[in-house]
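For reference, the structure is listed below as structure tokens.
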Amino acid sequence: MFTGIVEEIGKVLSFEKRSDVLLWDESRGEGYVLVIECATALEDAYIGCSIAVNGVCLTVTHMDAKSFTAHIAPETLRRSNLGDLRAGSAVDLERSASASARVSGHMVQGHVDCAAAVVSKRADGADCLSVQVELPAEHADLMRFIVEKGYVAVDGASLTVTAVDVARRRFSFMLIPHTQLAVVIPKRAVGDRVNVEVDCLAKYAAQSGGAGAAAAEEAAAAAERRAARAETLAGAAVAVAAAAACVALWAASRVGARQQ
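Residue numbers (UniProt numbering): 1 to 260.
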């Protein structure tokens, strides 16, 4: 888990497809390997630890005094902007949170939902930068998890949503001067892609609420079925009682006829 507080901006040394990746059965396969130069992210790092790169949780597979290496899965390339990286690219870096860490941002999993396009950048006031991004059409459903004044992680940075345009699949956020210098977003041009991870708590709440709603609907349907059965049984009971009354009247009339 991460907190969305970017610790440093690293530099990509190389991003390449290699054919000598060692696999579980000791064979060699093809895969993408990313090497990043950094300093802070290496402190307390170890082989197998997690480092968020532009908000993507990656596993350190090799490291030295100045850089670390990570392998990139196909799903990561489909979901994120890591495939856009080249040697020299700047990337946001954050080490995984410790149990004693102060959460100054929000709970970020490092599981990027999609890459969104920057559609506008403008000054807001004398020193703030307002940025608007647009989600791809195939991920329009993510907009239900993005709310004004809610959390969102963009390229790994925990940010507050300032405006939402659901119809156009867009949302905006603002960067104060400190954040402008601490993350890569200001370097993005209109049309560039940024990684977006919506608030995971919102997704869990929706999943739980959906299950609860389904259960409530089923309970209501079951109650209606029971009521219908009860109504049917009640109707049958009335019919039986009416028939019994008719029989009783008929029997009484027969007795009266014999007495006469």
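No residue lacks a Cβ here, since even glycine has one placed at the ideal position from N, Cα and C.
Answer with buried or exposed for residue i, where buried requires no fewer than 16 other C-beta atoms within 10 angstroms of its C-beta.
{"i": "Leu93", "result": "buried"}
{"i": "Ile176", "result": "exposed"}
{"i": "Leu135", "result": "buried"}
{"i": "Arg122", "result": "exposed"}
{"i": "Ile146", "result": "buried"}
{"i": "Tyr46", "result": "exposed"}
{"i": "Leu181", "result": "exposed"}
{"i": "residue 266", "result": "Here the chain comprises residues numbered 1 to 260, so residue 266 is not present and cannot be evaluated."}
{"i": "Arg193", "result": "buried"}
Give the DSSP-derived three-state secondary structure of residue i in the structure shown.
{"i": "Arg169", "result": "coil"}
{"i": "Ala206", "result": "helix"}
{"i": "Met143", "result": "helix"}
{"i": "Thr3", "result": "coil"}
{"i": "Glu148", "result": "coil"}
{"i": "Arg229", "result": "helix"}
{"i": "Leu201", "result": "helix"}
Whole angstroms is fine: what's the gap from residue i's alpha carbon to residue j's?
{"i": "Glu26", "j": "Arg18", "result": "16 Å"}
{"i": "Tyr204", "j": "Glu30", "result": "35 Å"}
{"i": "Val53", "j": "Ala202", "result": "23 Å"}
{"i": "Val6", "j": "His62", "result": "22 Å"}
{"i": "Ala41", "j": "Leu22", "result": "25 Å"}
{"i": "Val183", "j": "Arg169", "result": "24 Å"}
{"i": "Ala163", "j": "Ser14", "result": "37 Å"}
{"i": "Leu85", "j": "Ala99", "result": "32 Å"}
{"i": "Asp113", "j": "Arg225", "result": "41 Å"}
{"i": "Ile9", "j": "Leu82", "result": "15 Å"}
{"i": "Val196", "j": "Asp44", "result": "27 Å"}
Which first and last residues belong to the alpha helix (DSSP H) in which residue i is found?
{"i": "Ala182", "result": "177-182"}
{"i": "Glu37", "result": "Careful: Glu37 lies outside any alpha helix (DSSP H), inside the beta strand (DSSP E) at 28-37."}
In the DSSP assignment, find the unbroken beta strand (DSSP E) run with residue i in it and report its ends.
{"i": "Thr76", "result": "Unbroken run through Thr76 is the alpha helix (DSSP H), 74-79; no beta strand (DSSP E)."}
{"i": "Cys114", "result": "114-124"}
{"i": "Ala52", "result": "50-53"}
{"i": "Thr40", "result": "From DSSP, Thr40 is part of no beta strand (DSSP E); its letter is neither H nor E."}
{"i": "Leu23", "result": "No beta strand (DSSP E) holds Leu23; DSSP gives it neither H nor E."}
Who are residue i's beta bridge partners in DSSP?
{"i": "Met174", "result": "Ser130"}
{"i": "Glu8", "result": "Leu93"}
{"i": "Arg193", "result": "Ala117"}
Of all Cβ atoms in chain B, is any one closer than 8 Å to the Cβ of residue i?
{"i": "Val119", "result": "Among the protein chains of the structure shown there is no chain B, as only one such chain exists."}
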